[in-house]
Every structure is written in structure tokens, then in C-alpha cells.
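Just so we're aligned, residue 2 is where the sequence shown starts under my numbering, counting upward by one.
For every residue, glycine included, the Cβ atom is placed at its ideal position computed from N, Cα and C.
Computed from a predicted model, the values in this text were never measured in an experiment.
Worksheet: the structure to be examined is printed underneath.
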Amino acid sequence: MRNFITKLENKAMLRAAHVRTEDGASSLLENLGLIILAVVLLILFRDQLTSLFTSALENTTNQINNLFSSATTPTPTPTP
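Here it is as C-alpha cells:
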């Protein structure tokens with residue numbers, strides 16, 4: 002029982018000092034899992050993502066064209 006309490010105290014002190022107590026292998030596996038999940042989701046939803054970015058680009062292009070086509074250009078005044 003005394004060892005259990007000592008381990009808990011040590012863990013609490015390490016946590017208070019912001020010392021990482023987990024091993025690097027588990028975090029590496031977690032990161033690898035997240036990367037694999039992200040790639041799978043990108044593959045599954047690639048058509049929706051492509052159409053989303055294409056429509057956003059078209060809307061932005063149209064708005065920019067409208068902005069510059071509606072701008073009045075100053076006409077040069079002839080010098081005598």
C-alpha cells in the first residue's frame with residue numbers, strides 16, 4: 002500500500018512539474034493513427050472537397066471580375 006501511495010505522489014509531482022511520463026512509442030502510434038485516418042477521410046471525401054474548392058475559386062474569381070469591371074476608369078483629359 003505504501004508503494005502505491007508513493008507512486009501516486011511521484012506521478013502527481015511529475016505532472017505538476019510538466020514532465021511527460023508517457024513513453025514515446027504510444028504517442029508515435031497515436032500520431033500515425035491520426036495520419037492514416039486523415040488520409041482515409043481525404044480519399045473518401047475527395048470529390049466533395051474538390052467541388053468545394055472549385056466552387057469557392059469560381060465565386061472568388063467572379064467577384065473579383067465584377068469588382069474590377071464595375072470600377073470606373075478615369076478618362077484622360079486632352080491637353081490644349
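The three-state reading of DSSP puts M14 in helix, counting H, G and I together. In the three-state reduction of the DSSP assignment, V41 falls in the helix class, which pools H, G and I. For T51, the uninterrupted alpha helix (DSSP H) segment begins and ends at 47 to 71. In the three-state DSSP reduction, T80 falls in the coil class, being neither helix nor strand. A straight line joining the alpha-carbon of F5 with that of A17 spans about 18 angstroms.
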